[in-house]
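Please read the structure below before turning to the comments.
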Amino acid sequence: MALHISADLLFEESLAQRAGRRAFAARLDHCLKRNNISSGQVARQVGVAARDVSYWRAGITAPGRLAYRRLSRLLSVDVFWLCLGIEAEGSDR
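Be aware that the sequence shown starts at 20, since it is given in the working numbering, and climbs by one per residue.
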């Protein structure tokens, strides 16, 4: 029984993570289009492979903490909004 519950929890967590990656991908795509920035430019300025940016935009993977910070600076958006879709209190971006 406990194994069944654990599997259910892991499945729900996996679905939530996938939804979070897709939501991030939509925010990233919006910012790139708004700023007319290519995936290649992002990769060079953030210091990652172009493949990584493609995976982010497709919702396959999500950036690490440092890449989130670099992305938020590059795109002039709040890091919390970019990562989670929410604005941090007292945010100046």
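Where a beta carbon is used, it is the ideal one built from N, C-alpha and C, also for glycine.
- Linking G39 to E31 through their CA atoms gives a straight-line distance of about 12 Å.
- Taking a contact as a CB-CB distance under 8 Å, the pair G83 and A42 does not count as one, their CB atoms being some 17 Å apart.
- Pairing V98 with C50 gives a Cβ-Cβ distance that is not under 8 Å.
- The three-state secondary structure of E31, taken from DSSP, is helix.
- DSSP places A86 inside the alpha helix (DSSP H), whose first and last residues are R84 to L94.
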